[in-house]
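*Asks:* Here's a structure for you.
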Amino acid sequence: MMPIDLKTFFELNPLAIFSVFIMGVLIIILLQNIFLYSSYKDKAYLWYSIYALIILLDQIIINYSIYYSSIHNENLVNFSLPIHPALEWLYNSAYLIFVTEFGGLFLFKTKTAERIKSIVKYLAFLLLFLFVYDVVFNTYLVRISFLVLFVPVLIALSIYTYFFLFKMKTAVKYYIILGSLAFSIFSILALVISIASNKNVYYSWSYFYAGVFIENIFFSIGLVIKQRLIFKERNDSQIKLIDQYNENEKLKNTLNERLQKEVDAKTAEIIILNKIAEEERIKKLELAYEKEIAELKVTSLQSQMNPHFIFNSLNSIKLNIIKNNKENAVYYLNKFSKLIRKILTISREKEVSLQDEIDALNLYINIENLRFKNQIQYFFEVDHYLNLETIKIPPLILQPFVENAIWHGLSAKEGEKILKISICRNQSNALEVIIEDNGIGRKKAAQIKEQKILKRESIGLKLTDERLAVFFNQLKQKHQIIFEDLNQGTRVIIRLFIE
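Here's what the structure looks like:
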């Protein structure tokens, strides 16, 4: 029975086959964008999928209504009356959010996009209320509100959105503009023909379907090009990271060559002095030689740390500039400049006060937290009996432990991220610095590192231990570094036996 009905339906409505073709295209686009969203987590794909799904549902209902009327010569029950304008309301709302998500990478401030989404959300709540009221009392409030309220608001929001869209300095905008323009032109043609002509209803709807088809082609191409731009940005960042790494390697090799030349020169000098000087004088020269080599080694280690600081900080500020977050960019640029001044000041010194070390550490955490969208909650607990200005330690000695906690412990953790730094005197009168995080722990971090294609050995903690050894060897004192695995996270205890 059903094949005969369909045959009759298509004989009465020969353009209905075009509608079926458009629904097939919408299904393909829907599945494609669901796959792209699951792969790249870009919300533009999600909202484009929702947009295509709602249009598809609307066309199914419309075609079924026409099919039912053509075969049975009677209209469906009144319950179906508010469905079509409600779906028109919804797919236009989904389209507007899609455009804001699509342009978000290039031009929209977060607050601007959120305002647009909030207006669309409140209108959706209003639609729900009106739809229930229409079904219960058999009124036309959804259709009236769509024409009187939603359409003017939609036009205003579209003008506001497209004003920003035209300012985009990328060719991607033309695909959205051309797609929307095609859809608008063909929709207006469909409306005019449906009013002015008495032909079959599909005659006017076919123009609407043509607009939907052309619009989806432009939008799909625009999404593909946007994804290419994102990949290009990522590749450029990786290339810069590799270049910075190579530059650091060159700097390290240069310093090593210089160190080796100094070692060779001093070794030759000691050999000559061994031949012409007494044992006591030779011993004094050896001590001076060892001290100078140690100072060169400390300078070498510090020079390897500073570029890493600067590169991470500039990347964080660059991200804010790309997203047009001017206030955040200015705020963190100010922090960054203070950090650079602090590093340049204290890195020249062999020892600095504990207060200077804490100040530099606080600036460093502030800058790093930018890359986590300020998700890290960090706390300093300092024993108020300590005189931070009189306690002397090597400069930037605590930073590698904090960096290790952030990038190996907290970066891969979902949910709350907490970093706690405590400084006090213990029962043995040693200065004790405790750095504790609630991250994924050392075992899980090691597993993640093993899974990476590019494995880069971290030498920051090893170098810090060597610096402490050199520093305390000169003071005839000692230090301890203890790692403890917690139920959730890691605790590092640094004990410095200083007066």
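So that you can map any letter, position 93 of the sequence shown is 73 in this note's numbering, and since no number is skipped, the others follow by simple counting. We put the beta carbon where it would ideally sit given N, CA and C, even for glycine.
(1) Suppose only complete runs of 4+ residues qualify. What are the alpha helix (DSSP H) ranges in the stretch 75 to 162, listed by chain order?
(2) Alpha carbon to alpha carbon, how far is C404 from I373? Give it in angstroms, no decimals.
(3) Is the stretch 143 to 161 touching the stretch 93 to 110, taking contact as three or more C-beta pairs under 8 Å?
(4) Counting along the chain, where does the alpha helix (DSSP H) carrying Q407 start and finish?
(5) Going by DSSP, what residue range makes up the alpha helix (DSSP H) through I(-3)?
(6) On the DSSP bridge assignment, give the partners of R475 in chain order.
(7) Between V472 and F359, is the Cβ-Cβ spacing less than 7 Å?
(8) So is A24 buried or exposed if we call it buried at 16+ other beta carbons inside 10 Å?
(9) Shortest alpha-carbon distance to L350 belongs to which of L127, E416, I297, G202?
(10) So, K397 versus Q355, is the Cβ gap smaller than 7 Å?
(11) Just mark L67 as buried or exposed, buried being the case when its beta carbon has 16 or more other beta carbons within 10 Å.
(12) Hey, how far is the Cα of E307 from the Cα of N314?
(13) Starting from E331, trace the alpha helix (DSSP H) in both directions and tell me its first and last residue.
(14) Between the C-alpha atoms of I222 and L137, what's the straight-line distance to the nearest angstrom?
(15) Does the stretch 199 to 208 come close enough to the stretch 220 to 237 to have 3 or more Cβ pairs within less than 8 Å?
(16) Who are D417's beta bridge partners in DSSP?
(17) Decide yes or no for the touch test of the stretch 413 to 430 against the stretch 388 to 395: beta carbon pairs closer than 8 Å, at least 3 of them.
(18) Suppose you measure from the CA of H459 to the CA of E412; what does that come to, to the nearest Å?
(19) Return the CA-CA distance between I63 and V112, expressed in angstroms with no decimal places.
(20) Using a Cβ-Cβ cut-off of 8 Å (strictly less than) and excluding sequence neighbours within five positions of T370, which residues of its own chain qualify?
(21) Roughly how many whole angstroms lie between the Cα atoms of D22 and G202?
(22) Provide the residue span of the alpha helix (DSSP H) that contains E361, from first to last.
(23) Classify E464: buried if its beta carbon has 16 or more other beta carbons within 10 angstroms, exposed otherwise.
(24) Whole-angstrom Cβ separation of L319 and I338, contact assumed at under 8 Å?
*Replies:* Well, looking at it:
(1) 90 to 117, 121 to 125, 131 to 146
(2) Stepping through the sequence shown from its first residue, residue 373 is reached at position 393. Stepping through the sequence shown from its first residue, residue 404 is reached at position 424. In a straight line, the C-alpha of I373 is about 14 Å away from that of C404.
(3) no
(4) On the sequence shown, residue 407 is found 427 positions in, with the first residue counted as 1. It is not in any alpha helix (DSSP H) - Q407 carries neither H nor E in the DSSP assignment.
(5) The residue you call residue -3 lines up with position 17 of the sequence shown. Where I(-3) is concerned, the enclosing alpha helix (DSSP H) stretches over -4 to 20.
(6) Indexing the sequence shown from 1 puts residue 475 at position 495. E412, Q460.
(7) Locating residue 472 in the sequence shown gives position 492, where the first residue counts as 1. Locating residue 359 in the sequence shown gives position 379, where the first residue counts as 1. Going by C-beta atoms, V472 is not nearer than 7 Å to F359.
(8) Here residue 24 refers to the residue found at position 44 of the sequence shown. When all chains shown are included, A24 counts as buried.
(9) Locating residue 350 in the sequence shown gives position 370, counting from the first residue. Looking at the Cα atoms, I297 is the closest of the given residues.
(10) On the sequence shown, residue 397 is found 417 positions in, with the first residue counted as 1. On the sequence shown, residue 355 is found 375 positions in, with the first residue counted as 1. Their beta carbons are under 7 Å apart, which means K397 touches Q355 by this criterion.
(11) As a position in the sequence shown, residue 67 is number 87, starting the count at 1. Label assigned to L67: buried.
(12) Here residue 307 refers to the residue found at position 327 of the sequence shown. Here residue 314 refers to the residue found at position 334 of the sequence shown. For E307 and N314, the distance between alpha carbons rounds to 11 Å.
(13) As a first step, residue 331 must be located in the sequence shown, where it is residue number 351. Element bounds for E331: n/a, residue is neither H nor E.
(14) By one-based count along the sequence shown, residue 222 stands at place 242. By one-based count along the sequence shown, residue 137 stands at place 157. Computed Cα separation, rounded: 43 Å.
(15) no
(16) On the sequence shown, residue 417 is found 437 positions in, with the first residue counted as 1. DSSP output for D417 lists L399, T470 as bridge partner(s).
(17) yes
(18) Here residue 459 corresponds to residue number 479 of the sequence shown, with the count starting at 1. Here residue 412 corresponds to residue number 432 of the sequence shown, with the count starting at 1. If I take the Cα positions, the gap works out to 10 Å.
(19) As a working note, residue 63 is residue 83 in the sequence shown. As a working note, residue 112 is residue 132 in the sequence shown. In this structure, the straight-line span from the alpha carbon of I63 to that of V112 is close to 11 Å.
(20) Residue numbering aside, residue 370 sits at position 390 when the sequence shown is read from its first letter. So the list reads S333, once near-sequence residues are dropped.
(21) The residue you call residue 22 lines up with position 42 of the sequence shown. The residue you call residue 202 lines up with position 222 of the sequence shown. Taking the straight line joining both Cα atoms gives about 14 Å.
(22) Along the sequence shown, read from residue 1 onward, the residue named residue 361 stands at position 381. Looking at the DSSP string, E361 is not in any alpha helix (DSSP H); the run it does join, the beta strand (DSSP E), is 356 to 362.
(23) Mapped onto the sequence shown, residue 464 falls at position 484. Under this definition E464 is an exposed residue.
(24) Here residue 319 corresponds to residue number 339 of the sequence shown, with the count starting at 1. Here residue 338 corresponds to residue number 358 of the sequence shown, with the count starting at 1. Not a contact, Cβ separation roughly 13 Å.
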